[in-house]
Structures are given as C-alpha cells and as structure tokens.
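Participant:
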C-alpha cells in the first residue's frame, strides 16, 4: 500500500522536484496537484520533462478532496502559505516548503518577512524540518516546516561545532555560493541566461538575507545564548547546488572530528577525509550533503565546506525525507538516487 | 536474487553512468570494476559523486574472477575492446559500449575505424543493441554491441519512416547537436571549459563521422538498397543531450502518424503531438527519447526532431536495457528514473 | 570633429551594444539616449558595465532636441518603431535596428508581422542595411533598415551562390543555431538561466520565423524568380553568436571559390580555406563573419557554415558600419575590435 | 611612430589577450611572436579568433632579432621565465606576466614555488607591476613583474585600507571566486567543460595558494609589520572574471571613504556608491576593476567586493598599462575598451 500525496504549488521548481522524486518512490503516489493560475493544464504542458508520468491534472486548491489525501506538500510562495495551511483539514499531515513556519517567534517572522504572521498557532505547532536534528519531533508532527536551502547548508556545517563548543561563537562567517534554481521559476531580469551565465555577484549581502533568521534561531538555541553569524550569499552561473565556505576559529582537526562523529551514522551526510573539500558537481540531483574541513595557514582557524543540491537536500528531498518519517516509512525511502555527473 | 555485474573501463563517463544507474537497480549488483591505469584506487577517488556507494576497488581486468560474474559491461575505448572481449570466458554475457562490434561487415569496420578487425568471429556473433528494434535477438544474445549515441538518435527518428517508405530515401539530412560528455573524459583542448562554453562548431562534418557506418548499415538493411544520409554533427556548450534535426521529404502528417504508431507501446520513446518539438532539457539523466514532427512551409517536406541523453539512452541506459533482456528481467527495470530539470 | 549621435531604445541589448562600440569610435559621440520607461535614470544604473563612460541621462524621445543630432539609431521594438520614425525630422539620418523597414512590400510586412504597416512611404524609402551588398544606396540613404541577425548570417552564406547560379535554388536548407541575446532583455520563462543552460531546442520551426520574409525578398530579387528556403532556428545555451549550417546542392569547390571571390576585398567577411569550418567562439564581440565550405560525402552537395555575433555584425556593429557610410566616414571606423576569446 | 613589440609565449591565453589588445593599440605593433612547440605555425591556426590580423608567424625565442624590438612581453610558464629573461639583451624593456619576479625575497620565492631562484639579480631589479601603486618605479623600470590576477584583485580591495590603518590587520579574509581562464590553456581534467560547467569547488584552500606570497610581501610592506591574510579561492563555471569578497573588521563607511578617496583619480578603478556591490559580468574583456563596500549586520565589520577580468586587468591589460608607462605613452592608451555584455 502506498500513501496518497497531494502537492500544492506544483508549477514551480520545488513542486516539480517533488514529482520527480516521488516518481520512483515505492511508498507514495500522487493523487492531486495544484497550481492556481495553471489549473486545468496537464503537468506535461508545464514541465515536459515529466511527460512519461501518469499524473492528475493541475487543479485549484479548493477543488482538491483532502479526505483522500494522506500527506500534503505545500510548495507555495511565502506569506500565501499560512493562509492556505490554516484552511486545510486539521488532521492532514503537511510538509511545508515555504518560509512561513520556519521561525518560531512571531516577532522574528515579522522582522525578516516584513509582515505580521496570520497563523500564529500553526507557527507554534510546526516542527523545524532539518531532519537529522529534529527526527523525533518530525516523526510525530502534523506540520513540518522545511528549512531554507542556504540555511540547511550552513547548519550542516555548524550545528555540531556549536553544540561541541569547539569554535568561537562570535566570529563565524558563511560565504555561500548558490545556483540559480534556488530563486525559482520567476521572471526576473537578474535570472536571465544572458545576464547570469558567465558572471557572479552577491545578493542580500550585509546581513539582509532572510535565512539569517533561521541561523539566529537555531544557533542561539544550541548555544544557549545569542549567536549572530556573518552571511554573504553569491549567485553563480549554475542551476543546482550550493557551496558554503564556512570560516571558524577553532582547531581544524577537532572540527573535523566533531563533524565526523556527529554524522557517522547519517545516510545522507558524508564527511570527507581531513583536508579534502567537496564540489557541487558531486551532489547534483541527489539528497546527499558532502562536508570537508581544512585548517588555514593562520593558526587556530579552520574552513568547513558543505555542498548540497538546493532543490533536493535543500528543499524537496528534505521534504520527502521528513514525509517518510511522518508516514512511518524508512527515512531514506526513494531518496538513495545517485547524483548525476557530469 | 540479484545478478552479479562487472564493469570494464569504469573510470570513464559511460562507466560511471553505469554505476549510477545500477546503484538503484533492484536486479543487479556490482562485483567488479576495472580501470587499468587507476587499478587499486577507490571509485570515490575517481568519481567523488559515487562516494555514498559501497563499491569494489578498481582492478586490472586480468585480476577479475569472471566465474563470479553473470554479465559484463565493457566501456573500454574502441579497438582495444575487441582484444579484451576475445579473451573473456565464452559463456559470459557481455554488453559492449564501444564501437567494436557495431558494424557487421569487416570491410565497413576497417573503412570507418582505419584498421582491420581482429575478432571477426565475435563481430559476426554480436547483436546490434538498438533495443526497440532488436529485442528478440538481444534476449538470446551472448554479446550485444551498444550503438553510437548519435546513431541511436538518428535511427529513432528515421527507422520507421524508412520501413514505411514514406520519405525520399535519397534526400535525408541529419543536422545533429551534441553535448560534450559524448566525447568522454579525455584531455583535449577542444573540450576545455574555456574553449567550449559560449561557443558552438561542427565536427567530423562532410560525411566523416564514424556513426555514418551505423546509419549506412541499418538504413540500407531496412530499405533493402543502399541509403546514404547526410550527417553534420555540432558540439554544443552543454554536458548531456543530443538533439537531431532530421530533414526529410515526405508528408509531415504521415511521418508523424508512422512514428506515433511505431512507438505507441514503447516505454522510453515518447512522440509529442504533431507540431510540438522536443528539448534536450527534458530528457537529461533519463532513458527517455522525445520525438516531434512539424511540416515545413515548403510543401512535401517535414522536420523530425529527436532528443535523448547521450550517456543514458545513448549508451549506458541502453546498455542496461539490453542487459535486462539478456538476464530475463523486465526491460525497464531500474530505468524509469525521471529526467532531472532544471 | 565627431558626429553627434542619438540612440533611441538604449535600455535593450542592441542599444547597449551601440554604446559599447561608440565608446571607442573616433568619429561619433553620444548626445542623447532614450528609454521611455527608464527615463531619468543614468545609463550606469541600467547597464553597470558602462559606468566608466560619461553619458547623457536616459530621456523620453520627445525630450530630445534632434536639431543637435547628426544621426539617430533606433533600437526600439518592432511595430512601435514606424510611428516613432514617422515623427522624426525629415532631414535626420536614421539607422533603424528593428524589423519595421526591412521588407519593401507592405503585403509581406503584414504577412510576417501580423498587422498593416503605418508608414508605407518610409518603408519604400528605406534601404536594406546589409552593408556589403547595398553600399552605394546606403551611402546616400536617409533611412537604413538594419537586417535581422539570422537573416544576415544566412545571406552572407548564400547571396553570392544564388547570384552565381551555382546551386539548386529549390533545395536550400538553413539549420541555424543562435545564442540567447538575440531574444533581447525580455522576461520570458524560456530565457531564464535555469531553463536554457544545459539544453537546446528549436523555435519558430517549420517556416514560421519572421526572418524568412527577408530571405524571400532578397533571394528572390537576386535570382529573378521566387526562392523559398527551409529555415530551422535553434536556441543554444550561449549568449552571443549565430552559427548557420547551410545545405546546398552544388559543387563544393565551386561554392568555395564563389564565396572567396565575392568576399576577397571585404574587411569583415573572412572565408576560411576549403574544408575548414568556423566556430562562434572566434567572432564573439566583433564585427567579423567567418565562413567555411566543405563537401558532403553525398556527391554534388555542399555545406556552408557562417558564424557572426548577433549583437555586433548581426545588429549594432552592422548599424555602425552603415552609419559610417552615411556620415562619409571610412566604413570600418571603430569596428576593427578583435573578438574576445576565451 | 609606434613601438615594436615582441610577445614570448603567444600560444597561451594571456599571450592571445595581449595580441587582442595590441590589435587596436595606436602606439604598439607586433614584430615577433614566440611559441616553442608551435614555432612555424600562423597565429590564426593557434587562435582562429585572430585571423583578421596581419601577424608574424610563431617563432622559437632564439630566432627573434631583439635588436628590432622596443619592448618584450613574456607570457611564459613560471620557472622557465627566469632563464629566458636572463638571456635577453640587457637594454630590452621587459614586462613579465609570469610569477618569476613578483617576490623580492629569494627565500619567499623558494617557499612558494618550491625551487631556488636562478636569476636573483633580476629578481632584485624587477619592479612589482601593480600599476596604480608603483607608477613611478614602473616608468623608469627595465623589468616589470606583472602581478598574480588573484593577487591584484585582493590588493585593490585592501591596500588603501591597510595604509590607512582603518581595519584590524589580524583578521582579514579573502574569499575569492575565479573564472577558469586563469588556469590557462592547459589540459587538466578539472578544466574540462563536462567537469566544471554546472559546479564549483575550492582550490589551493587552507593557505596554499601561491598568490599568498604576494599578499604577504605587499601587505606587510605597507603595514610595516607582518600581515597574514586568509585566502580561499574557488573555481567557477565561467571563463573570465574574478570576484573577491573581502571581510574586514572596521567601520564600513570609513572603509568606503578610504577607497573612494584613494581611487578618485584612477581611470580603471571604479568605486561604487556605498552599499552597492559589483558583478563580474560588468567588467568582462576590459581593464576596469569595480569595487563596492557594504557594512555587515554584525557591528564593526565590513565587506569589500572587488571584480576584474583576470585576463585583462589581472594580467595582459595590466601588462600593457605598465608597458605604456615604460614607453612614455599615456597610461590608458589602447585600454579604454568597454567591457562586453552580455
């Protein structure tokens, strides 16, 4: 028996990635797909790469009969999500891929997203979806809030180090390089091939990127006191992948040992041998995160590099990993696809 | 029970693609990997994207105990393959990805590959591996010769049309655009990122490309008389994918009907509605081939466009499809992975 | 003394390319730039790559004092151009980069552009701007209509062959590969980096591309009877450059001789030795067009390959070449910039 | 009268870039080109993008008559350069683009390049070629040592700040993103299109990159005490361009003011308004360097971003800028070419 899945917001990249992964998932099948402006269209019209699949037509959300749905993925834009989720049946399991339920504190939400939260009770109920660190809560959660893709990358590099208190908490710097699919299928001049290919630039630099809200919440919680990292994202001329170069003050060998120990049983988090650093080309299309550590020539400083695919481990793959737990399936079900290279 | 697989030449792109696909194949497991110059290395050193897999170390071919192998994929360079295969146990099932056994006529082999064939008996024994057209022979074959990736693309567009005699056999033109991974992991100036990205050019133009040998053999066999197509390949700044624009003289609607009819039961060959043409972005990483037909404004002329991934449907995916048949498995086993997009 | 230049529609790629080229042109200086929706902005805000230049602010067209302008480039969208040009002073020299004045026959204009022409007298007055073939008319023209970038590429390959009657006029096929900047800075999903990079597909296939109007007009005029070519454009994951693979029936050596002879004194048209074919990487950012010819293995058939940069020789460079003639300057002034590679 | 120029090592990317720039330089003409392994070939065979130029054939170095040369550019590999330069006439003006004469201290040279220097007297004579900071010495120099491209980028961001003592010298971090042409036209697996496009990774991380020798030498000299920065380079899927994200501890507004003041008269160094950060797409193919400054949310920390084209401002453009000074020409001669975009 496979579980019945609905995907709201199936016309964006994370929605399509969910369909791609569920296509070979033995424990899930798709019973409903929504896309308000494209309701009535076949998925193959919106995403021809999915034409070999037998999929339901796109619907409006209120046309979906949720009585026949076991779990619903929400891949809707930020802010609209909270209204939609508030109207869904209270017994429906939900994995949300938007930013709406990531921050527990309504004040922080308003600070980073520029408007008050309209579903504060749901915000309190939601479990933060970084699977490797919230497994137990996720297993019994009704509503799981998928993390930001950049936020996930930085946390995989830093959480064990902060927990082990082996680095200086006041001097953490994340220089992040992100592929363009993280920005979604939106029509922005900056995202045109002619503008982006062959160039790179920062965005939301200087402490303005919203994923800082997640870093602040999570790192401060682990440390038991406020932690404020520096974070500069860059947009790169590639489609998939995030590489976070994380600069810390601490002993590099110890940093490596802490990460190796923390992730030794994790199926998706691979720590490379000391001194080896990973490449985004090696995780594309997969749910794996590769991490590496090297010491700097300046004594007492270390560099941690983490890579993952923003659409898979950074959003839709993570979402399925969480859904697996919520449905009582093995956490890795359907997610052991090898990366694609070249 | 899963079948025991060896891969010879595992350090190239087609070898790595075989490993990628077998990683989630329920009926195969890898027991041996060879790479002469890299013998002794772990596969993860040669291809870090495969580091999550538990794979045997690379060996020299003569270190492999073929008594424990059910089927062997050969992904070795052209010309060396025939010597290697000649020394393998006579009862071993072999799927060869090189060009060595594609041409039945030793004279044609020598003409296109510039040297006499050294294993003429094997050449005669080999079955041409274009699965959809040689299923029965492949099922009972011991040695299957995988097709050229360009040759496969052109044949999917043309074979049914030639068989149906609905086009002019003396005026067939294949203008082909190919991604760079088809050239392999070889160190050539032309294949450097700085040389290729942002540019395009022809190669082996004017009737010099070796895959013409396959076109000639197959098309002439179907037609019952010599057929000599025009074929101009172009190298494109992309990694995976082939797009063949095939110009024929014939009625476009009939051409479309013939293709639709020919492929209506094929799991991997998808014919688009009349007037729609496919894109390589929609088949990357998958075993699917999309085909489209449109009429030209010049009456009596049609354009057929076929796309596939050169590393998957064009070589390693095709090889597994053939191996599935040879091992008595369902032909699609392990191959229904959705394309990856974006 | 340098000539005073205005550019209407300076916020698009061809407008920016005009500014780039004029920046080091010794006989021109820019006195006015228009961009209706961005009026009031500095050019450096719209195109930061031009920030080192001292340029006038963007204005609305009706704010420009054309009494102080010697020559005006119009880089406005199709259809709006004819209205704008009709209102400009009758004594102003104009080089138009839109499609509005390329077709002499109002019926052909309406057929290809879907609406009646509103400035038929100007349409009759305009000289077709393919410099190498209309030099004398351009020198004395008031209004020159720049050609389509694809149309220019195909014509450089074919005009001398049609004039020399050395090929079959009823079997000409242009398979064209174009970079994405030809589509302009418009926000279309198809032009996003995530959609286009790593893939290729046809567009306006089957005889629907508007540049066919130019091919029909020009080739028929040269031949003295109707000529209808086949033309299939493809979009490639690169920014600049067009490669046209032109298939003709004729003797390849003669074809090569005819082209070599026709272009022997041309500064921008470079015919490669027989058998050599050009690459788009070798003309990027320049006003050069490289041409090559090879014979096919099918006797009596030849392949001509022409490459140029769509933004330079295909539009803005061509426009300046024409303006040079109209202003009595040497035709190559400011245009001998070497291509940029890699 | 134009100056007679020789280029040694003309078959690499920096050699070709020198030819590209000199092609439109009014004060220089090329009289000799060397490339040992390709001696006898025409430059158009090695670099078809230069085929429109009338250039001398490639020669071996000892075939060149240096009596007819006013200035010689050396674009030879590291280590071989010192032997070649030692044999050149003592009165010949030389701009070297290799690393051989960048470090004044023979011990530092040996430390970073792994072998003793064989021309220590020339090493002492050479002037460090960062034009904006060594103008007077360069003007009267016989031998100028071009800087590393990464080293130039970092220094443009940092030199004025160190000189002004407005940042913490013990906590400077350079996270650098570099295009692939900086690695030259060498055949390395890592530089293949299939390996690099669509991915990013670090190289020479952890304090191993040789350009650190230049940073150490120059920053320590300015500060009057040892300065040891952190430096992590990343390779990006683009051909031209370097973006250095430089993290400093200091007041961002003051940092911006210091840079603005330092570069207010510099023709090639453009400081953006406070809070604006530059993109590599805006300097490709040009001799410009764009710099921007933003404050971090963590008080007392600033981010400086500098971009330049590694082949132009980072090597060959810089070399010509230096040569202009050495030849008594205006420093900007031939170098005011606008960047190419898109």
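Residue numbers (my numbering), protein chains in the order written: chain E, 1 to 342; chain L, 1001 to 1342; chain X, 2001 to 2342; chain C, 3001 to 3342.
Glycine included, C-beta positions come from ideal geometry on N, C-alpha and C.
All values derive from a computational prediction rather than experimental measurement.
(1) Strictly under 8 Å for the Cβ-Cβ distance: is residue 198 of chain E near chain L by that measure?
(2) If you scan the segment 2136-2177 of chain X from start to end, which runs of the alpha helix (DSSP H) of 4 or more residues do you find wholly inside it?
(3) Check whether the segment 215-225 of chain E and the segment 196-203 of chain E are in contact - that is, three or more C-beta pairs closer than 8 Å.
(4) On the DSSP bridge assignment, give the partners of residue 3071 of chain C in chain order.
(5) Among the residues of its own chain, which have a CB less than 6 Å from the CB of residue 3025 of chain C, if the five just before and after it don't count?
(6) So, with DSSP's three-state summary, where would you put residue 1229 of chain L?
(7) How would you write the range of the beta strand (DSSP E) that residue 3117 of chain C sits in, first residue to last?
(8) Tell me residue 2249 of chain X's beta-bridge partners as DSSP assigns them.
(9) Mind reading off the beta-carbon distance from residue 3067 of chain C to residue 3032 of chain C? Whole number of angstroms is fine, and I expect it under 8 Å.
(10) Along the chain, where does the beta strand (DSSP E) containing residue 3032 of chain C start, and where does it finish?
(11) Counting C-beta neighbours from all protein chains within 10 Å, is the total for residue 285 of chain E 16 or more, i.e. buried, or is it exposed?
(12) Considering only their Cβ atoms, is the gap separating residue 1073 of chain L from residue 1338 of chain L smaller than 8 Å?
(13) Mind checking if residue 2013 of chain X is an interface residue toward chain C, Cβ cutoff 8 Å exclusive?
(14) Relative to chain L, which residues along the segment 47-58 of chain E have a C-beta separation below 8 Å, given in chain order?
(15) Comparing C-alpha positions only, which one of C:3342, C:3259, C:3304 and C:3009 sits nearest to residue 192 of chain E?
(16) Could you tell me whether any non-hydrogen atom of the ligand MN is closer than 7 Å to the CB of residue 193 of chain E?
(17) Assess contact between the segment 291-308 of chain E and the segment 251-269 of chain E, defined as three or more Cβ pairs (one per stretch) separated by less than 8 Å. Is contact present?
(18) Kindly confirm or deny that the segment 2146-2163 of chain X and the segment 2307-2318 of chain X touch, where touching means at least three C-beta pairs closer than 8 Å.
(19) So residue 1050 of chain L is in the alpha helix (DSSP H); what residue range does that whole segment cover?
(20) Give the DSSP-derived three-state secondary structure of residue 262 of chain E in the structure shown.
(21) Could you check if residue 1281 of chain L is buried or exposed, using at least 16 other CB atoms within 10 Å of its CB as the buried criterion?
(22) Check distances from the C-beta atoms of the segment 2270-2294 of chain X to those of chain C and list, in chain order, the residues that come in under 9 Å.
(23) Between residue 185 of chain E and residue 13 of chain E, what straight-line distance do the alpha-carbon atoms span, to the nearest angstrom?
(24) Rounded to whole angstroms, what's the CA-CA distance from residue 1329 of chain L to residue 107 of chain E? Just pull it up for me.
(25) Are the CB atoms of residue 2078 of chain X and residue 2099 of chain X nearer to each other than 8 Å?
(26) Could you check what DSSP says for residue 3203 of chain C in three-state terms: helix, strand or coil?
(27) Do residue 3237 of chain C and residue 238 of chain E count as a contact pair if the criterion is CB distance below 8 Å?
(28) Using the beta-carbon of each residue, which ones in chain E are nearer than 9 Å to residue 2078 of chain X?
(29) Here's the rule: buried if 16 or more other CB atoms are within 10 angstroms of the residue's CB, otherwise exposed. What is residue 93 of chain E?
(30) On the three-state DSSP scale, how would you describe residue 350 of chain E?
(31) Identify, in the order they occur along the chain, each residue of the same chain with its Cβ nearer than 8 Å to the Cβ of residue 212 of chain E, setting aside the five sequence neighbours on each side.
(32) What is the residue span of the beta strand (DSSP E) that residue 209 of chain E lies within?
(33) Just tell me which of L:1323, L:1204, L:1105 and L:1245 has its CA closest to the CA of residue 1130 of chain L.
(34) Cα separation between residue 2029 of chain X and residue 1047 of chain L?
(35) Closest Cβ-Cβ distance between residue 1181 of chain L and chain E: below 8 Å?
(36) Would you call residue 265 of chain E buried or exposed, if buried means 16 or more other Cβ atoms sit within 10 Å of its Cβ?
Facilitator: In brief:
(1) Output row for residue 198 of chain E: interface = yes.
(2) 2149-2163, all fully within the segment 2136-2177 of chain X.
(3) The segment 215-225 of chain E makes no contact with the segment 196-203 of chain E: fewer than 3 CB pairs, one atom from each, lie closer than 8 Å.
(4) For residue 3071 of chain C, the beta-bridge partners assigned by DSSP are C:3005 and C:3093.
(5) Excluding sequence neighbours, residue 3025 of chain C sits near 3334.
(6) Here DSSP, grouped into helix, strand and coil, assigns residue 1229 of chain L to coil.
(7) For residue 3117 of chain C, there is no enclosing beta strand (DSSP E), as DSSP gives it neither H nor E.
(8) Residue 2249 of chain X pairs with X:2301.
(9) Actually they do not touch by this definition, with Cβ atoms about 11 Å apart.
(10) That run of the beta strand (DSSP E) goes 3028-3034.
(11) Residue 285 of chain E comes out buried.
(12) The answer is no: Cβ separation not under 8 Å.
(13) Residue-level contact by beta carbon holds for residue 2013 of chain X and chain C, with a gap shorter than 8 Å.
(14) Listed in sequence order: 47, 48, 49, 50, 51, 52 and 53.
(15) Per the Cα distances, C:3342.
(16) In terms of ligand content, the structure shown is empty, and the ligand MN therefore cannot be addressed.
(17) A contact is defined here as three or more CB-CB pairs under 8 Å, and the segment 291-308 of chain E meets this definition with respect to the segment 251-269 of chain E.
(18) Because the criterion of three Cβ pairs below 8 Å is met, the segment 2146-2163 of chain X and the segment 2307-2318 of chain X touch.
(19) Counting along the chain, residue 1050 of chain L falls outside any alpha helix (DSSP H), and DSSP gives it neither H nor E.
(20) Reduced to three states, the DSSP call for residue 262 of chain E is helix.
(21) Residue 1281 of chain L is buried by the Cβ-count criterion.
(22) Listed in sequence order: 2270, 2272, 2276, 2278, 2279, 2281, 2282, 2283, 2284, 2285, 2286, 2288 and 2290.
(23) Distance between the alpha carbons of residue 185 of chain E and residue 13 of chain E is about 6 Å.
(24) Taking the Cα positions, residue 1329 of chain L is about 58 Å away from residue 107 of chain E.
(25) Yes, they are a contact pair.
(26) In the structure shown, residue 3203 of chain C sits in coil (DSSP, three-state: anything other than H, G, I, E or B).
(27) Yes. Within cutoff.
(28) Per Cβ cutoff of 9 Å: no residues; residue 2078 of chain X is ~19 Å from chain E at best.
(29) With 16 or more other Cβ atoms within 10 Å, it is buried.
(30) In this structure chain E extends from 1 to 342, so residue 350 of chain E is not present and cannot be described.
(31) The residues are 112, 229 and 231.
(32) Segment: none, residue 209 of chain E is in no beta strand (DSSP E) and carries neither H nor E.
(33) Closest by alpha carbon: L:1323.
(34) In this structure, the CA atom of residue 2029 of chain X is about 55 Å from the CA atom of residue 1047 of chain L.
(35) Answer yes: the Cβ-Cβ gap between residue 1181 of chain L and chain E drops below 8 Å somewhere.
(36) Label assigned to residue 265 of chain E: exposed.
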